[in-house]
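Reading through the structure tokens given below for one structure.
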Amino acid sequence: MTGENGRKALVVRGGWEGHAPVEATELFVPFLEKQGFEVVRADSPAPYADPAFMSGVDLIVQCYTMGTIERAELQGLEAAIRAGTGMAGWHGGIADSFRNSSDYLHLIGGQFACHPGKEPTAEDVGTQEHYFVPYTVNMSPEAAGHPITEGIADFDLVTEQYWVLTDDYIDVLATTTQRVRPWDPWHREVTSPAIWTRKWGKGRIFVATPGHGVDVLQHDSVRTVIERGMVWASR
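The numbering of the sequence shown is the UniProt record's numbering, which starts it at 1 and goes up by one.
Structure follows, in structure tokens:
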């Protein structure tokens, strides 16, 4: 059964369980259904390799951290986006997926490099919480009139701050800046995209780097940006 407007969303989730891929994606399923999508769930990228199925998918929501992707799956994903299927995701579920594929990195336009943590002598070394640091997501001038970010002001988080490697073929809607702290080996501040879009053939891609856990995804600004980003990306 398709959604009331005939659109289909494929939710691909899995990989590293630390990002709670099932719980995180289920957070957005009611919104997608309210938008009229039929939601199909998959626990691997295998559906990407089925061209007949993918031709009917209007939006891919991917939350699949690390893991691997087969050649036919990657080719199917790229072909679907090129033909008009949209893709959206957050944090490691899209920006740290499928490290075995440079072609995937090329498609998304940005790759997680690290999330610098607290001082190495901190008591929580070795835990996820060691990497939860306070930082600001700064909206770009282009964000003021964009349908994903219109009306969203700079906002502060305490969670993983992604340092990402990107190319010039992304449209940056927000950034975040890694400061230089006494224990860090870099010598000047580094600014990374935090929210970006990318157009690929007839398709659109949306990426937000905040989203380590459900609590971050429930932050008003983060959730609003992701919901709008999914709608913007969809065919």
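Yeah, the Cβ is synthetic: ideal placement off N, Cα and C, and Gly gets one too.
Mind checking whether Thr166 and Ala194 have CB atoms under 8 Å apart?
-> Here residue 166 refers to the residue found at position 166 of the sequence shown. Here residue 194 refers to the residue found at position 194 of the sequence shown. Not closer than 8 Å, so no.
Per-residue DSSP class, three states only, for Thr191 = As a position in the sequence shown, residue 191 is number 191, starting the count at 1. It is a strand residue.
Is Phe132 closer than 8 Å to Ser221 when the C-beta atoms are compared?
-> To locate residue 221, count along the sequence shown from 1; it is residue 221. To locate residue 132, count along the sequence shown from 1; it is residue 132. Result no, Cβ atoms of Ser221 and Phe132 do not sit closer than 8 Å.
Which word fits Cys63, buried or exposed, when buried means at least 16 other C-beta atoms lie within 10 angstroms of its C-beta?
-> In the sequence shown, residue 63 corresponds to position 63, counting from 1. Note on Cys63: 16 or more other CB atoms within 10 angstroms of its CB, so buried under the neighbour-count rule.
Report the three-state DSSP secondary structure of Gln111 (helix, strand or coil).
-> The count along the sequence shown starts at 1 and reaches residue 111 at position 111. Gln111 falls in the strand class under three-state DSSP.
Nearest-angstrom Cα distance between Glu70 and Asp103?
-> Along the sequence shown, one-based indexing puts residue 70 at 70. Along the sequence shown, one-based indexing puts residue 103 at 103. Between the alpha carbons of Glu70 and Asp103 lies a gap of roughly 11 Å.
Cβ-based burial, His187 [other Cβ within 10 Å; buried from 16] = Translated into positions along the sequence shown, residue 187 becomes position 187. Classification for His187: exposed.
Gln101 - DSSP class collapsed to helix/strand/coil | One-based indexing of the sequence shown puts residue 101 at position 101. In the sequence under discussion, the amino acid at residue 101 is Ser, which differs from the Gln named in the question. In the structure shown, Ser101 sits in coil (DSSP, three-state: anything other than H, G, I, E or B).
Proximity below 8 Å, CB of residue 238 to CB of Thr65 | Since the displayed the chain opens at 1 and closes at 235, residue 238 lies outside it and no answer follows.
Check the C-beta distance from Ala88 over to Gly229 and give it rounded, since I have them as a contact under 8 Å.
-> To locate residue 88, count along the sequence shown from 1; it is residue 88. To locate residue 229, count along the sequence shown from 1; it is residue 229. Correct: roughly 5 Å between the Cβ atoms.
C-alpha gap between Ile148 and Pro182, whole angstroms = Your numbering for residue 148 matches position 148 in the sequence shown. Your numbering for residue 182 matches position 182 in the sequence shown. Whole-angstrom Cα-Cα distance: 36 Å.
Following the continuous alpha helix (DSSP H) through Gly67, name the residue where it begins and the one where it ends.
-> Here residue 67 is taken as the residue at index 67 of the sequence shown, counted from 1. It is not in any alpha helix (DSSP H) - Gly67 carries neither H nor E in the DSSP assignment.
Can you round the beta-carbon distance between Gly36 and Met54 to whole angstroms, since I take them to be within the 8 Å contact cut?
-> On the sequence shown, residue 36 is found 36 positions in, with the first residue counted as 1. On the sequence shown, residue 54 is found 54 positions in, with the first residue counted as 1. 19 Å between Cβ atoms; not a contact.
DSSP beta-bridge partners for Trp200?
-> Position 200 of the sequence shown, counted from the start, is the residue given in the question as residue 200. Paired residue(s): Gly203.
Spatial distance of Thr127 from Lys118 (CA atoms) | Numbered from 1 along the sequence shown, position 127 holds the residue referred to as residue 127. Numbered from 1 along the sequence shown, position 118 holds the residue referred to as residue 118. Thr127 and Lys118 have their C-alpha atoms some 11 Å from each other.
In whole angstroms, what separates the C-alpha of residue 276 from that of Arg235?
-> The structure shown does not extend to residue 276, since the chain is modelled only from 1 through 235, so no value can be given for it.
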